[in-house]
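Participant:
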Amino acid sequence: MDIKKFIEQLQNQPYEKRVRILWVSSFIAILVVGVTWIGLSAIQSKINEKENKSQIFSEIEKNLEVAKIKFDKLGEDLQQQISQLQIPDDPQIITLVNYTLSINKDKLVIEFIANNPSLDILNFLQDNYQNVKLTSGLTKYIPEQILTKEPENPYPKKILSNESIYGYMIFEAPLDPELSLDVTNMYFDNLPDNRFSDNLKFNLNTQVTTSSTNRLPRE
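Numbering (the UniProt record's numbering), first residue to last: 1 to 219.
1) Compute the Euclidean distance between the alpha carbons of Q86 and T184, then round it to the nearest angstrom.
2) Based on Cα-Cα distance, which residue from P177, S164, D120 lies nearest to I94?
3) State the DSSP-derived secondary structure class of A114, mapped to helix, strand or coil.
4) Is V109 near I170, with beta carbons less than 8 angstroms apart?
5) How would you call L57, buried or exposed, if buried means at least 16 neighbouring beta carbons within 10 angstroms?
6) Name the DSSP bridge partner or partners of S180?
7) Measuring alpha carbon to alpha carbon, tell me which of N203, K149, P156 ends up nearest F124.
8) Give every residue of the same chain whose Cβ lies closer than 7 angstroms to the Cβ of I60, excluding the five residues on either side of it in the sequence, and list them in chain order.
9) Which same chain residues, not among the five before or five after P174, have their C-beta less than 6 angstroms away from its C-beta?
10) Can you grab the Cα-Cα spacing for the pair I142 / N128, in whole Å?
11) In the DSSP assignment, find the beta strand (DSSP E) that holds Q145 and state where it starts and stops.
12) Do you know whose CA, among K46, K62, L101, I38, lies nearest T206's CA?
13) Return the first residue and the last residue of the beta strand (DSSP E) that F171 is part of.
14) Quick check: the Cα distance between N153 and L96, rounded to an integer number of angstroms?
15) Residues bridged to I159 by DSSP?
16) Report yes if the CB atom of residue 247 is closer than 8 angstroms to the CB atom of L200, and no otherwise.
17) Which class does I94 belong to by DSSP, given the choice of helix, strand or coil?
18) From the DSSP output, which residues share a beta bridge with Y187?
19) Does the Cβ-Cβ distance between T139 and Y166 come in under 8 angstroms?
20) Using the rule of at least 16 other Cβ atoms within 10 Å of the residue's Cβ for burial, across every protein chain shown, is N203 buried or exposed?
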């Protein structure tokens, strides 16, 4: 548009018309400036948002890298600790010695030896023997008593390093001769998160010839 010509034409217009034209032109100019400002603000906001996201992702990557280094170090420390305490990967804890029914056939006595093969303390029994169960068919039994043999005392919950303790468990006599004895949630003091279990299967109609221990994976 020729600005000079536009001004000359505007000067030739009546006063009221010139005022209206100026008002309309001013409004259009303000509108254009406003739209431009909003557009630039939106663009700047997107740029800032992109920069913030980039910074956040960068921080996440750094934190993940630090976490990976710490996790690897923790694994190395754990392996070193296991080695120093001489904890086997698959510890043999329980050996079945004998099992007999009482004279009046209402109690089952299971003789066993629990062995701690490590230099750490073994947590063997929980309160009220909640981690020991005898399964007969669909029925599960908790020991009425677990005692040491010669002298006869309550069986200890913890077994010291390189210690073997002879004992026996007393259960209500099961109806089914096919039995499964489970001792779960055992762990060493220095590795409380590494839980493991023992499972012993036997039949009351057969005699014990060898340890009937079946290893279960660590929990």
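Ideal placement from N, C-alpha and C gives every residue a C-beta, glycine not left out.
Model, not experiment: these values are computed from the prediction.
Facilitator: From the atom records:
1) 21 angstroms
2) The candidate whose alpha carbon is nearest that of I94 is S164.
3) strand
4) yes
5) The identity of residue 57 in the sequence shown is Phe, whereas the question assumes Leu. Under this definition F57 is an exposed residue.
6) Answer is T135, K201, bridged to S180.
7) The candidate whose alpha carbon is nearest that of F124 is P156.
8) none
9) S136
10) 9 angstroms
11) 145 to 148
12) L101
13) 164 to 172
14) 19 angstroms
15) L122
16) A query on residue 247 cannot be resolved here, the shown segment of the chain reaching from 1 to 219 and no further.
17) It is a strand residue.
18) N123
19) no
20) exposed
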